[in-house]
Structure formats: structure tokens, C-alpha cells
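S.K.: Have a look at this one before I ask anything.
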Amino acid sequence: MKARLTERETNALVFQLEERKYGRRFTSMELAQKANVSLDDVNRVENQIPIEDPQVVGRIARALGVSPDLLRKIAGWEEMSNDELNQLNACLRQPEGAAAPECAQIGLS
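Encoded structure:
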């Protein structure tokens, strides 16, 4: 079954990605600075409002250590299967760089 994530799920996953990559959670402004995008762009991700500019999506995705396709699913812009969500959660429990090949397949670096 596929479904779009809720805002709460989106924000929880963004926090987990920040902690995995940087060892701590960021404010929205800090994430915007890391990604070299505007605060409004980060707020759009957090509020599940689609971003049309693929370069902006790519910058935020890189800052979080995910592919643009995975970011679109995490942000609730596209549906994510239960299997993908379960795999993502399993991968987030592994330290960055120690992730299984399945993690790369879903778009987690």
C-alpha cells in the first residue's frame, strides 16, 4: 500500500536525517544555510508544500543525505510504500556510511 506521509512524519524523518548526518537537529534556518536555500524553501518541505525548482530540491536533498526522489516522498509530495518507509526507518538506525545496499536503493546516501 502507498500513502503520503503526514506533516508530523515528514518532520520526524527530517530530524532523524539531520541527526544521522550531522549529529544533531537543526533549526529550519540552519538547514536552509546548510542547503544554501531560502528559509521559505525549507519551510515548504516542513509544511509539505511542493517546490517546483529541481535545483532547490536537489540542494535540500544533498544537505539531508538523500536523493531528490526520496526527499519528494519524505516531504509528502509523492506517495511512499509501506515497504519503503520500513526500509528507510531501518536504514536510519544505522550510522551514516554503514548503511546496507538496500539503503542506497531507496535513495539514502
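First residue of the sequence shown: -11, per the numbering used here; consecutive thereafter. Using N, Cα and C, we set each Cβ at its ideal position, and we do this for glycine too.
Pick from G85, E67 and P89: whose alpha carbon is nearest that of T(-6)?
M.R.: Nearest C-alpha to T(-6): E67.
S.K.: Can you give me the C-alpha to C-alpha distance between A63 and P83, rounded to a whole angstrom?
M.R.: Taking the straight line from one Cα to the other gives about 22 Å.
S.K.: Tell me which residues share the same chain as V45 and place their Cβ nearer than 8 Å to its Cβ, disregarding the 5 neighbours each side in the sequence.
M.R.: If we look at V45 and ignore the five residues flanking it on each side, its Cβ neighbours are I39, P56, L59 and R60.
S.K.: Just to confirm before moving on: does the CB-CB distance between V30 and L96 stay below 8 Å?
M.R.: Taking 8 Å as the Cβ cut-off, V30 and L96 do not qualify as a contacting pair.
S.K.: Can you give the beta carbon distance from V33 to R47, rounded, assuming they're within the 8 Å contact cut?
M.R.: Actually they are not in contact, since the Cβ atoms of V33 and R47 sit about 11 Å apart, beyond 8 Å.
S.K.: With respect to the alpha helix (DSSP H) encompassing T15, which residues constitute its N-terminal and C-terminal limits?
M.R.: No alpha helix (DSSP H) holds T15; DSSP gives it neither H nor E.
S.K.: Excluding sequence positions up to five away, which residues of its chain have a Cβ less than 6 Å from the Cβ of K22?
M.R.: Closer than 6 Å at Cβ, skipping near neighbours: A51.
S.K.: With a Cβ-Cβ cutoff of 8 Å, do L80 and I94 count as a contact?
M.R.: Contact: no.
S.K.: Which residues in the same chain as R(-8) place their Cβ atom closer than 7 Å to its Cβ, once the five residues preceding and following it in sequence are excluded?
M.R.: G64 and E67, listed in sequence order.
S.K.: Hey, how far is the Cα of K9 from the Cα of A0?
M.R.: Taking the straight line from one Cα to the other gives about 14 Å.
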